[in-house]
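As structure tokens, the structure follows; a few thoughts come after it.
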Amino acid sequence: MSIIFHQESQQFHLCNSYISYIITVLPNGELGNLYYGARVHDKTDFSYLAPVRRRSLTAYTNGGPDGFSLQYTRQEYPGYGTSDFRYPSFTISQKNGSRISHFTYQDHRIRKGKDPLPGLPATYVDDPEEAETLEIMLFDPISETNLTLFYTLFLQVPVITRSARFEQRGPSTIVLERALSVCVDLPNDSYDMVHLAGAWSRERHVKTRSLEVGVQSIYSLKGTSSAEHNPFLALKKKNTNEFSGEVFGFSFVYSGNFLAQVEVDSHSMCRVLMGIHPEEFSWPLKKDEAFQTPEVVLVYTKDGLNGMSSIYHRLYRTRLARGYWRDRPRPILVNNWEATGMEFTESHVLALAEVAKDLGAELFVLDDGWFGKRDNDLAGLGDWYVTNFNKLPGGIEGLSSKVEALGLRFGLWIEPEMVNKDSDLFRSHPDWILSTPDRFASIARNQYVLDFSRIEVIDYIYGLIEKLLSCNPISYVKWDMNRYLTECYSRTKDADYQGTVFHSYILGVYMLYERLTSAFPEVLFESCSSGGARFDPGILYYAPQGWTSDDTDAVERLKIQYGTSYVYPLSSMGAHVTGVPNQQVGRTTPLQTRGNVALFGSFGYELDVTKFSEQERSIVRKQIKFYKNYRQLLHAGTFYRLLDPFLKEQAAWMVVSEDQNEALVGYYLILNKPNHRDCLLKLTGLNPDTKYEVSGKPGVYWGDELMFCGLSVEPEELIPPDRDFSSVIYVIKSAM
Numbered sequence: 002m003s004i005i006f007h008q009e010s011q012q013f014h015l016c017n018s019y020i021s022y023i024i025t026v027l028p029n030g031e032l033g034n035l036y037y038g039a040r041v042h043d044k045t046d047f048s049y050l051a052p053v054r055r056r057s058l059t060a061y062t063n064g065g066p067d068g069f070s071l072q073y074t075r076q077e078y079p080g081y082g083t084s085d086f087r088y089p090s091f092t093i094s095q096k097n098g099s100r101i102s103h104f105t106y107q108d109h110r111i112r113k114g115k116d117p118l119p120g121l122p123a124t125y126v127d128d129p130e131e132a133e134t135l136e137i138m139l140f141d142p143i144s145e146t147n148l149t150l151f152y153t154l155f156l157q158v159p160v161i162t163r164s165a166r167f168e169q170r171g172p173s174t175i176v177l178e179r180a181l182s183v184c185v186d187l188p189n190d191s192y193d194m195v196h197l198a199g200a201w202s203r204e205r206h207v208k209t210r211s212l213e214v215g216v217q218s219i220y221s222l223k224g225t226s227s228a229e230h231n232p233f234l235a236l237k238k239k240n241t242n243e244f245s246g247e248v249f250g251f252s253f254v255y256s257g258n259f260l261a262q263v264e265v266d267s268h269s270m271c272r273v274l275m276g277i278h279p280e281e282f283s284w285p286l287k288k289d290e291a292f293q294t295p296e297v298v299l300v301y302t303k304d305g306l307n308g309m310s311s312i313y314h315r316l317y318r319t320r321l322a323r324g325y326w327r328d329r330p331r332p333i334l335v336n337n338w339e340a341t342g343m344e345f346t347e348s349h350v351l352a353l354a355e356v357a358k359d360l361g362a363e364l365f366v367l368d369d370g371w372f373g374k375r376d377n378d379l380a381g382l383g384d385w386y387v388t389n390f391n392k393l394p395g396g397i398e399g400l401s402s403k404v405e406a407l408g409l410r411f412g413l414w415i416e417p418e419m420v421n422k423d424s425d426l427f428r429s430h431p432d433w434i435l436s437t438p439d440r441f442a443s444i445a446r447n448q449y450v451l452d453f454s455r456i457e458v459i460d461y462i463y464g465l466i467e468k469l470l471s472c473n474p475i476s477y478v479k480w481d482m483n484r485y486l487t488e489c490y491s492r493t494k495d496a497d498y499q500g501t502v503f504h505s506y507i508l509g510v511y512m513l514y515e516r517l518t519s520a521f522p523e524v525l526f527e528s529c530s531s532g533g534a535r536f537d538p539g540i541l542y543y544a545p546q547g548w549t550s551d552d553t554d555a556v557e558r559l560k561i562q563y564g565t566s567y568v569y570p571l572s573s574m575g576a577h578v579t580g581v582p583n584q585q586v587g588r589t590t591p592l593q594t595r596g597n598v599a600l601f602g603s604f605g606y607e608l609d610v611t612k613f614s615e616q617e618r619s620i621v622r623k624q625i626k627f628y629k630n631y632r633q634l635l636h637a638g639t640f641y642r643l644l645d646p647f648l649k650e651q652a653a654w655m656v657v658s659e660d661q662n663e664a665l666v667g668y669y670l671i672l673n674k675p676n677h678r679d680c681l682l683k684l685t686g687l688n689p690d691t692k693y694e695v696s697g698k699p700g701v702y703w704g705d706e707l708m709f710c711g712l713s714v715e716p717e718e719l720i721p722p723d724r725d726f727s728s729v730i731y732v733i734k735s736a737m
């Protein structure tokens, strides 16, 4: 077993070839952490890692000279108020008004494999031999509450997952006011905090800050994980770079309000907390009711930030994303949105599809505007059926059949969580939106949010979408979500349960996803939320790819895709070639560069392909052919970031096959300069003892030569040469 329990010392050691995580039962019966980091040899007692000493202004849980205090003790899942003054993992309000808890160790269970979390997305195993799970059971005798802490150790990668479950055993109702998923206490603060921040159209920009005494946090209270902050942070040592140095990664498998926080205390200890945001959260538990927190995925590596990313990529691509499309090549699509908006006719759509087929695309997607009374964003949301037969004479059935007859698959856009006031749904059920009685209901994009905490709402929407997918040859669904949650109040819940609505809403979204993906396992679902406002691990469990950002400008996408790659695999990033001047920033970039950026993702086009010149059609045919040849490498290979667009007017990245016999390198010159210095691009991930051929270059190169001397990027190799926004892709293949 890789999870070991030492009975005499009351210590647990979770270890594989890469990491060790050591837990102890503290003198007061609670759980403490002794070590988390690189693998160490096992022994029966690591108690010396948690020395006990008396300090001024410290409270002790007993009054003796050797009194025990939690104030400077590294803990596993701490509460507040019994000598620890830092932020806690949980808070339980009890019948008498007290919020003091004392959960002590009762028992544990070690087993192979990993069970699913009921109603929640989570990583999984295909074979029980891939992982071991530790469940530690604790009990508070005063509130009569069980607390179970879950730890799963993946045996072949440096990954531990964490979550917690509360179960009320006593007759009195308790209220969870705070129920985070993980606490990790580290012995010092010698780290920089890395996170991904932004806004609409500039999601997941990389931010780095030094830790200071006090609290550093990121969060969302928007009802989604949000465009402003991704539910991820990393702590890296000061000398850590892309390829060397210690990194601790924390990624939250959840799509709603979250808190990710690092607290540094007065003695430089560092506490990381992550979970559902406690603001606007309260969850009553009656006798025999339970609450399960979502999962946090912990990664530790000594191989730098890119090493951390590679671990997340492989895990999330193969053990978080699921189903039919997990390992299959994704179809190259053409989406009509930036070509037509909502102003389309069937003949126009079919013309786009005919050209798409001629160019080599495999899927045509009809975006917003096909349903209900939908000619603008004022009407129609909620009515997932065709009423405007002037626009689509044969409805979706007629159009989808005609697209399929061309030899293309057919896909469709929906926004099932939303409703317009001008819709059949709203007129029939005006009380189905999230809104507070007798108060103004905020509106965004002329739409309201349906109350997905109510099963009857989910059932109704499921019925409409199920009929749509059952009656038409639809292979792909783009699931959008175009506003944040306000007035988050459910009209069917009592006052004591209004604090459950935010979380219940997300559980409802997951329920609808689960029902639809189970009923239609071969439909490819792509998530979207005004671009990247809900691009998170929770949604990846149901939709194996997501629309990375509404910003499709190639230069902006360099930063967005670079930052996204800190956690998410290329296969999850929807990336399209769009028209110029770009609709978001007005920039004009070469068609070749737009393609060379989008190729490093789930590839497609979103522009009026009928307006291409013959030269442009030739370029697009070559791009599509190239992607078809290399999409398996792009999606399943190891991704490396080489040049940081946040630091330079250049960017570069590469993907290497598992056997190291093949690689693709993308180089991008953002702004040209006179007398531009020659670029020797140092590659990585190749076999140093293999000879390689490089496309467009004579001769052969040893792997170590390309990695340590560098690949010479010649100005004349860029397309177009001597221009801003030029680029080149190199194909590298073994010559042995």
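Start counting the sequence shown at 2; every next residue gets the next number (my numbering).
Note that CB positions come from ideal geometry on N, CA and C, so glycine has one too.
Nearest-angstrom Cβ-Cβ length linking residue i and residue j, presumed shorter than 8 Å
i       : j       : result
Asn-231 : Asp-537 : 7 Å
Ile-277 : Tyr-255 : 7 Å
Asp-193 : Lys-239 : 6 Å
Arg-331 : Gln-633 : The pair is not a contact, with the Cβ atoms about 10 Å apart (cut-off 8 Å).
Ile-434 : Gly-257 : About 18 Å; that fails the 8 Å criterion.
Leu-212 : Val-265 : 5 Å
Thr-1   : Ser-48  : It is not possible to answer for residue 1, since the shown part of the chain is limited to 2 through 737.
Residue i, DSSP secondary structure in three states
i       : result
Tyr-693 : strand
Ile-507 : helix
Ala-599 : helix
Ile-620 : helix
Lys-683 : coil
Lys-698 : coil
Tyr-606 : strand
Tyr-563 : helix
Gln-593 : helix
Asp-705 : helix
Asp-551 : coil
Val-300 : strand
Whether residue i touches residue j by CB criterion (8 Å)
i       : j       : result
Ile-93  : Thr-174 : no
Phe-259 : Leu-234 : no
Leu-316 : Val-160 : yes
Val-607 : Trp-326 : Position check: residue 607 holds Glu in this sequence, whereas Val was assumed. Contact flag unset, no.
Arg-166 : Thr-149 : yes
Leu-682 : Ala-653 : yes
Asn-630 : Ser-735 : no
Gln-76  : Glu-31  : yes
Val-185 : Val-273 : yes
Ser-603 : Ala-576 : yes
Ala-357 : Val-610 : yes
Ile-529 : Met-574 : A quick correction: the sequence has Cys, not Ile, at residue 529. Contact flag unset, no.
Gln-8   : Thr-25  : no
Own chain residues within Cβ distance below 7 Å of residue i, not counting five before or after
i       : result
Ser-401 : Phe-411, Asn-473, Pro-474 and Ile-475
Ala-354 : Phe-365, Val-404, Leu-407 and Leu-409
Leu-286 : Phe-167, Gln-169, Thr-174, Ile-175, Leu-177 and Phe-292
Gln-593 : Ile-620, Ile-720 and Ser-728
Asp-384 : Phe-372, Gly-373, Ser-424, Asp-425 and Leu-426
Gln-755 : No information on residue 755 is available, as it lies outside the stretch 2 to 737 that the chain covers here.
Ile-4   : Phe-13, Leu-15, Ile-111, Glu-133, Leu-135 and Leu-154
Asp-128 : none
Residues near residue i by beta carbon distance below 6 Å, same chain, minus five either side
i       : result
Phe-521 : Leu-470
Ser-760 : Since the displayed the chain opens at 2 and closes at 737, residue 760 lies outside it and no answer follows.
Thr-134 : Arg-112, Lys-115 and Thr-153
Cys-489 : Leu-435, Val-502 and Phe-503
Leu-465 : Trp-385
Own chain partners of residue i with C-beta closer than 8 Å, once the 5 adjacent residues on each side are dropped
i       : result
Val-656 : Leu-571, Phe-601, Leu-634, Leu-635, Gly-638, Thr-639, Phe-640, Tyr-641, Ala-664 and Leu-665
Asn-242 : Gly-305 and Leu-306
Test: residue i CB closer than 8 Å to a CB of chain D
i       : result
Ser-573 : Absent from the structure: chain D. Only one protein chain is present.
message = My parser needs the beta strand (DSSP E) runs of 3 or more residues fully inside the segment 375-447; what are they?
response = 410-415
Ranges of the beta strand (DSSP E) found wholly within the segment 170-209, counting only runs of at least 3 = 175-187 and 192-198
query = At what residue ranges does the segment 476-541 contain a whole run of the beta strand (DSSP E), taking only runs of 3 or more?
reply = 477-480 and 525-528
ask   = At which residue ranges does the segment 124-148 contain complete beta strand (DSSP E) runs of 3 or more residues, listed in the order of the chain?
value = 132-141
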